[in-house]
Amino acid sequence: MRKNANQAAVDDAASPATAHFRLISTENIESLNVNLQTWYHEASRCVHYHLASESDENVCLIGLRTVPTDSTGVAHILEHTTLCGSQRYPVRDPFFMMTRRSLNTFMNAFTSADWTAYPFASENRKDFFNLLDVYLDAVFFPTLNELDFAQEGHRIEVAEPSNPESPLVYKGVVYNEMKGAMSSSMSQLWAAVTRHLFPSSTYHHNSGGDPAEITELSYEQLKQFYTTHYHPSNAVIMTFGNLPVEEIQQSLHDNALRHFAAVPDGVAATVSASDGLSRLISIPAEKRYAAPLTAIEHYPCEADEENGLKNKTHIVMGWLLGDGSDLEQNLEAHLLANVLLEHSASPLMQAIETTDLGNSPSGLCGLEDSFREMVFVCGLEGSERSHIEAFEQLVLGVLQDIAENGIDQDKLQSVLHQLELSQREISGDGYPYGLQLILAGLSPALAGINPGSHLDIDEALESLRQKITDPDYICGLVRRLLLENMHRVTVALVPDEQMAARQAAIEAGKLAEINSRLSAEQRQQLIERAEALTARQASVDKPDILPKVGLADVPPNKPMVKPAEALGKSSDKGQLLTAYDQGTNGLVYLQYVSSIPQLGDEELRLLPLLSAIIPELGVGKASYLQMQEAQSASTGGIGAFTQYRGPLDSSAFCGGAFVLGGKALERNGDKLADLMTRTMAECRFDELDRIHELCSQILTRRVERVTGSGHSLAMSLAASGLSASAAVSYKMGGIESIPWLRETIAGFSDRAKLEVFAGKLEQLHQKLLAEPGQLAAIGESAFLQRSQSIVDRFGADLQLGMTGLDLRTVSLEQPIQVQQAWQINSQVNFAAIAVPTVPADHPDNAPLTVIGNLMRNGFLHRAVREQGGAYGGGAAQDASSCAFKFYSYRDPRLNETLQDFARSVDWLLETRIEDAALEEAILGVIGGLDKPRSPAGEGKTAFINALFGRDDDYHARFRSSVLKTGSAELKQVAERYLTAAADAARHSVGLVVGERGASQLDTKRFKLRKL
52 MRKNANQAAV DDAASPATAH FRLISTENIE SLNVNLQTWY HEASRCVHYH LASESDENVC
112 LIGLRTVPTD STGVAHILEH TTLCGSQRYP VRDPFFMMTR RSLNTFMNAF TSADWTAYPF
172 ASENRKDFFN LLDVYLDAVF FPTLNELDFA QEGHRIEVAE PSNPESPLVY KGVVYNEMKG
232 AMSSSMSQLW AAVTRHLFPS STYHHNSGGD PAEITELSYE QLKQFYTTHY HPSNAVIMTF
292 GNLPVEEIQQ SLHDNALRHF AAVPDGVAAT VSASDGLSRL ISIPAEKRYA APLTAIEHYP
352 CEADEENGLK NKTHIVMGWL LGDGSDLEQN LEAHLLANVL LEHSASPLMQ AIETTDLGNS
412 PSGLCGLEDS FREMVFVCGL EGSERSHIEA FEQLVLGVLQ DIAENGIDQD KLQSVLHQLE
472 LSQREISGDG YPYGLQLILA GLSPALAGIN PGSHLDIDEA LESLRQKITD PDYICGLVRR
532 LLLENMHRVT VALVPDEQMA ARQAAIEAGK LAEINSRLSA EQRQQLIERA EALTARQASV
592 DKPDILPKVG LADVPPNKPM VKPAEALGKS SDKGQLLTAY DQGTNGLVYL QYVSSIPQLG
652 DEELRLLPLL SAIIPELGVG KASYLQMQEA QSASTGGIGA FTQYRGPLDS SAFCGGAFVL
712 GGKALERNGD KLADLMTRTM AECRFDELDR IHELCSQILT RRVERVTGSG HSLAMSLAAS
772 GLSASAAVSY KMGGIESIPW LRETIAGFSD RAKLEVFAGK LEQLHQKLLA EPGQLAAIGE
832 SAFLQRSQSI VDRFGADLQL GMTGLDLRTV SLEQPIQVQQ AWQINSQVNF AAIAVPTVPA
892 DHPDNAPLTV IGNLMRNGFL HRAVREQGGA YGGGAAQDAS SCAFKFYSYR DPRLNETLQD
952 FARSVDWLLE TRIEDAALEE AILGVIGGLD KPRSPAGEGK TAFINALFGR DDDYHARFRS
1012 SVLKTGSAEL KQVAERYLTA AADAARHSVG LVVGERGASQ LDTKRFKLRK L
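Each step along the sequence shown adds one to the number in this note's numbering, with nothing skipped, and position 1002 is 1053.
The structure is reproduced here in structure tokens:
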């Protein structure tokens, strides 16, 4: 329920905050346990939303409406350049410097289609206000140095600095980032859909930047965009946590907002932040089409040896819906999207999954509600251009059937149940929970609408619950939003084998033309600018200008959550159930865990497929469609995964756990237990077509993730021969698993091979069932009091009573050196080197972990990102793989980066390690260890860690060793392990490269395979 504050009481308040801010409203959102306060800063006309909570993790986000009118990436490049120095903090790189002078739990900056956001979070009070100070100065008083624009955005340089006559090349961090991002067919498809759905508004453009257009952006245009968008009156500031709002507002006023003057409605002028005027930004509604549109687009794609370009076309249909900031329209759109696509038994998803027109549903299926007007999309991957009309008929036929016959009430109630569950769940295992709430309210807030309307949806859900009792309601919704909506586009993204070569030729021609027009003086200016940028990148800033926290601010220990021993269950066979009493806001979480027995190589490859497939199949006499509906009606989903780790003291062995987990509202806890038990005990493997569909979907997702996680794949490849756990990890999910799965699925055209495959999955499942398991229950005490009922339900069909995991089921007799590269469809590269090190409880693990941060902070960030142009790069000790890894991400270079990895070791050994640099590296490690999780996440993590022997005693030992690490010890440890990075005979290399990177490979050294 929402309540307005007593305005008279507010006006009479004498706190420092209300001298500058006026309280507009306050409202309790009981389902989220927060109080939302809306404040207005009179002088600057900035709105501050504060979500008062009991959480110790305080969050702040500064958001601005940014509306680009082209695809030069101006908003994105400005986001980067803004963080490269400000008036009070005129250092070259305050953002990355603060990441290592802080105990932050989150620091980042985002550019969306129509907004830019600068969020951070911290559990440390001093740290929060330090970050707030730096962020405010960065956003509202940046220096916007032209050399930083050249570094972060784009620039032209001669390819060989020592040869002024060498060809010209484009460089720039965002330029290379977007080359990598737009290598993904999904990114290209989404860009095409929005380009055609929005012919005249800002969403027509790629806010991140199209590499072909990024190079057209000038420094003057960047500054002009800042002037017209970065003003408090075009911003909202949103905070969350338990810090006093008046202290936050005093900092907002003193450090930023007091410098901005009051101005008339419709115009905002700055006093000292910028010159000129900044108009208030709004986004008009899109002009609507009178008839549906079909568009054919192309994307670069190499032909397969066997199938050429067959089945590589994407087909999607997209509709422009209503105003996303209108809660009623928003919830109606979500209701309809979930009715159609939520799971495999949803009518439209079922039709897409089972059609012969393509291989699997598009990754774009769903609702985009953050735009001014919402977008609904459904589509198909692995299709043909000739199937466009048939796909349209398939989709429209499903919609017409619903419009005529409706949807069962039970299915509609299930959709509302999912909305209720998502509203109540306290998440936070990825982004901080407070940041997730803030992001949910950001778009309406920037549109001038109280975000509380999108956070407190209980009343709106009840209204929907009443509406769906009318059988005609969902029929009318389908007709109004989709069938009768002529603003519809069908986009076919067709493979083109020559497109990459044409794009490269266009870029080369553009540079050649520029080169032909350069005078000797202009060429010299390019060289001098490159030299100036190199000098700026090599300069050493005075870090003491920036605020910091130190080791004295680090809490001595942060133990894992303890199980509620009185609520757990055990027997003479071992532990049956471990209970964690956590504040989960009315949700319960269950996990069933069993040890994985010794498996052969083929079984290890099948294991992740089995984990993904089990919750998606039928159970007993129930089909997979019936089980999907049962899960949706009573749970928040059931899923499974596997995890392998080695003993604390060995790299030669490892063992694994199979985990089946689920969540539900507390009232449905028993139903969750029943469904999980049946899923594990009675899973059926005779639904052969379903197994084929699921494997195709898994393959599609693995391929789609390559361009976004190429660095992870490269590191996994590089480390794959160094330890038992690394070898298993690579076998199950490394890049090599993609062609194996593709070949396996190709064989399913022979029904007998599909039957054999299903039989192997069933045999593997039986091996897992033969292992005794253990349960974890996470929730509030009222539910946990019934833990015996949970044990009884699982124990009726499954073996319970596990004494621990066997961590020696896999062995690696001898480490194997890897020198391998994989070529993918990408314009950038991902490079990794791995050297063997030590397991988790070895005394050298802690200093090696600190070294990773030290190398990134002191050398690799500058060499690989700033000078090399990669979007990211660094180094890290990975105790789970017993390897130290160097990596780069979306990297235009290759051999030079490998050389930088080796040079970073020389730098560490030859450079005096300053006390401040060591402290920053240690702070980074502690910040990672102390990063908070959701209440459920804390319980699940503690449970799994304990099973693998990573208990509080181990974590306390490691933490203590990190805090005691000294500079002399670091050099000794680096000498002991890391000098192998400079010796090709002693380290392993994993490369994921584009065509240009492949052409630079030393073929005598590297084995090259094509994906």
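Glycine included, every Cβ here is placed at the ideal spot set by N, Cα and C. Given the structure is predicted, the values throughout are model-derived calculations rather than measurements.
Checklist entry - Do isoleucine 995 and glutamine 694 have their C-beta atoms closer together than 8 Å? => result The sequence position of residue 995 within the sequence shown is 944, counting from 1. The sequence position of residue 694 within the sequence shown is 643, counting from 1. Yes, the Cβ-Cβ distance between isoleucine 995 and glutamine 694 is below 8 Å.
Item to check | Same chain only: Cβ atoms within 6 Å of histidine 538, ignoring 5 sequence neighbours per side | outcome: For the purposes of this step, residue 538 is taken as residue 487 along the sequence shown, with counting starting at 1. Counting only Cβ-Cβ distances below 6 Å, and skipping sequence neighbours, we find Arg339, Tyr340, Leu371.
Checklist entry - For the beta strand (DSSP E) that lysine 714 lies in, which residues bound it at each end? => result In the sequence shown, the residue the question calls residue 714 occupies position 663. It spans 704-716 - the beta strand (DSSP E) in which lysine 714 sits, taken as one unbroken run.
Next on the checklist: What does the Cβ neighbour count give for proline 315, buried or exposed, with the cut at 16 atoms within 10 Å?
Outcome noted: Here residue 315 refers to the residue found at position 264 of the sequence shown. Residue placement at proline 315 is poorly supported in this model, since its pLDDT is 45, which falls under 50; the coordinates still yield a value, given next. Counting Cβ neighbours within 10 Å, proline 315 comes out exposed, since fewer than 16 surround it.
Next on the checklist: Let me check one thing: in DSSP terms, what residues is arginine 696 bridge-paired to?
Outcome noted: One-based indexing of the sequence shown puts residue 696 at position 645. Partner(s): Gly706.
Checklist entry - For alanine 1141, which residues does DSSP report across the bridge? => result Not covered by the structure: residue 1141. The range shown for the chain is 52 to 1062.
Checklist entry - What are the start and end residues of the beta strand (DSSP E) that includes lysine 1061? => result Walking along the sequence shown from the start, residue 1061 turns up at place 1010. 1058-1061 is the extent of the beta strand (DSSP E) around lysine 1061.
Checklist entry - Do valine 644 and glycine 824 have their C-beta atoms within less than 8 Å of each other? => result Taking the first residue of the sequence shown as 1, we reach residue 644 at position 593. Taking the first residue of the sequence shown as 1, we reach residue 824 at position 773. Going by C-beta atoms, valine 644 is nearer than 8 Å to glycine 824.
Checklist entry - Which residues does DSSP pair with tryptophan 166 in a beta bridge? => result Locating residue 166 in the sequence shown gives position 115, where the first residue counts as 1. Beta-bridge pairing links tryptophan 166 to Arg116.
Next on the checklist: On the criterion of 16 or more Cβ atoms from any shown chain inside 10 Å, does aspartate 188 qualify as buried, or is it exposed?
Outcome noted: Translated into positions along the sequence shown, residue 188 becomes position 137. Answer is buried; the Cβ neighbour count reaches 16.
Checklist entry - Within this structure, are the beta carbons of glycine 231 and valine 869 separated by less than 8 Å? => result Start at 1 with the first residue of the sequence shown, and residue 231 comes out as number 180. Start at 1 with the first residue of the sequence shown, and residue 869 comes out as number 818. No, the Cβ-Cβ distance between glycine 231 and valine 869 is not below 8 Å.
Item to check | First through last residue of the alpha helix (DSSP H) which encompasses glutamine 814 | outcome: In the sequence shown, residue 814 corresponds to position 763, counting from 1. Residues 802-820.
Next on the checklist: Out of Arg1047, Tyr922, Gly988, Val886, which one is the CA nearest neighbour of aspartate 1034?
Outcome noted: For the purposes of this step, residue 1034 is taken as residue 983 along the sequence shown, with counting starting at 1. The shortest Cα separation from aspartate 1034 among Arg1047, Tyr922, Gly988, Val886 belongs to Val886.
Checklist entry - On the three-state DSSP scale, how would you describe alanine 870? => result What you label residue 870 is simply residue 819 of the sequence shown in a count that begins at 1. Contrary to the premise, residue 870 reads as glutamine rather than alanine in this sequence. Three-state DSSP puts glutamine 870 in a strand.
Item to check | Alpha-carbon to alpha-carbon, aspartate 480 and glutamate 680 | outcome: Locating residue 680 in the sequence shown gives position 629, counting from the first residue. Locating residue 480 in the sequence shown gives position 429, counting from the first residue. Cα-Cα distance, rounded: 27 Å.
Checklist entry - Are alanine 897 and alanine 769 touching if we call contact CB-CB under 8 Å? => result Residue numbering aside, residue 897 sits at position 846 when the sequence shown is read from its first letter. Residue numbering aside, residue 769 sits at position 718 when the sequence shown is read from its first letter. No, Cβ-Cβ distance for alanine 897 and alanine 769 is not below 8 Å.
Checklist entry - So, is glutamine 575 buried or exposed, given that buried needs 16 or more other C-beta atoms within 10 angstroms? => result Along the sequence shown, read from residue 1 onward, the residue named residue 575 stands at position 524. Classification of glutamine 575: exposed, given that the 10 Å Cβ count is below 16.
Checklist entry - phenylalanine 157 to leucine 905, Cα distance in whole Å? => result Stepping through the sequence shown from its first residue, residue 157 is reached at position 106. Stepping through the sequence shown from its first residue, residue 905 is reached at position 854. Cα to Cα, the separation comes out at about 19 Å.
Next on the checklist: Do glutamine 202 and valine 224 have their beta-carbon atoms positioned less than 8 Å apart in this structure?
Outcome noted: Here the question's residue 224 lines up with position 173 in the sequence shown. Here the question's residue 202 lines up with position 151 in the sequence shown. For valine 224 and glutamine 202, yes; Cβs fall inside 8 Å.
Checklist entry - How should aspartate 452 be labelled, buried or exposed, when 16 other C-beta atoms within 10 angstroms of its C-beta is the threshold for buried? => result Start at 1 with the first residue of the sequence shown, and residue 452 comes out as number 401. So aspartate 452 ends up on the exposed side.
Checklist entry - On the three-pair Cβ rule with 8 Å, is the region 163-176 touching the region 106-120? => result yes
Checklist entry - When burial is assigned at 16 or more other CB atoms within 10 Å of the CB, is glutamine 642 buried or exposed? => result The residue given as residue 642 occupies position 591 in the sequence shown. Classification for glutamine 642: buried.
Checklist entry - Rounded C-beta distance between serine 163 and glutamate 264? I'm assuming under 8 Å. => result Stepping through the sequence shown from its first residue, residue 163 is reached at position 112. Stepping through the sequence shown from its first residue, residue 264 is reached at position 213. Actually they do not touch by this definition, with Cβ atoms about 18 Å apart.
Next on the checklist: Quick check on methionine 233: does DSSP put it in helix, strand or coil?
Outcome noted: Here the question's residue 233 lines up with position 182 in the sequence shown. Coil at methionine 233, not helix or strand.
Checklist entry - Any idea if leucine 638 is buried or exposed, counting beta-carbon neighbours within 10 angstroms, 16 or more meaning buried? => result By one-based count along the sequence shown, residue 638 stands at place 587. So leucine 638 ends up on the buried side.
Item to check | Exposure of serine 701, with buried meaning 16 or more beta-carbon neighbours within 10 Å | outcome: The sequence position of residue 701 within the sequence shown is 650, counting from 1. Label assigned to serine 701: buried.
Checklist entry - Is glutamine 677 helix, strand or coil by DSSP? => result Numbered from its first residue, the sequence shown carries residue 677 at position 626. In this structure, glutamine 677 counts as helix in the three-state DSSP scheme.
Item to check | Rounded straight-line distance, which links the Cα of arginine 913 to that of leucine 969 | outcome: The count along the sequence shown starts at 1 and reaches residue 969 at position 918. The count along the sequence shown starts at 1 and reaches residue 913 at position 862. If you take the alpha carbons of leucine 969 and arginine 913, they lie about 17 Å apart.
Checklist entry - Under the rule that 16 or more other beta-carbon atoms within 10 Å means buried, what is glycine 492, buried or exposed? => result Start at 1 with the first residue of the sequence shown, and residue 492 comes out as number 441. Classification of glycine 492: buried, given that the 10 Å Cβ count is 16 or more.
Checklist entry - Relative to the alpha-carbon of glycine 292, which residue among Pro193, Leu486, Arg954 has its alpha-carbon at the smallest distance? => result Against the sequence shown, residue 292 aligns to sequence position 241. Taking only the C-alpha atoms, the option nearest glycine 292 is Leu486.
Item to check | Backbone CA spacing between tryptophan 241 and leucine 415 [nearest angstrom] | outcome: For the purposes of this step, residue 241 is taken as the residue at position 190 of the sequence shown. For the purposes of this step, residue 415 is taken as the residue at position 364 of the sequence shown. The alpha-carbon atoms of tryptophan 241 and leucine 415 are separated by roughly 7 Å.
Checklist entry - Can you tell me whether leucine 655 is buried or exposed, with buried defined as 16 or more other CB within 10 angstroms of its CB? => result Your numbering for residue 655 matches position 604 in the sequence shown. Leucine 655 should be labelled buried.
Next on the checklist: Which complete alpha helix (DSSP H) runs does the region 829-894 hold, if anything under 4 residues is left out?
Outcome noted: Whole alpha helix (DSSP H) segments, 4+ residues: 832-835, 838-846.
Checklist entry - On the three-state DSSP scale, how would you describe methionine 537? => result By one-based count along the sequence shown, residue 537 stands at place 486. Reduced to three states, the DSSP call for methionine 537 is coil.
Checklist entry - Applying the criterion that 16 or more other CB atoms from any shown protein chain within 10 Å of the CB defines a buried residue, is valine 529 buried or exposed? => result Position 478 of the sequence shown, counted from the start, is the residue given in the question as residue 529. By the 10 Å Cβ count, valine 529 comes out buried.
Item to check | Inter-residue CB distance, serine 44 and threonine 194 (contact presumed, cutoff 8 Å) | outcome: There is no way to answer for residue 44, as the model of the chain reaches only from 52 to 1062.
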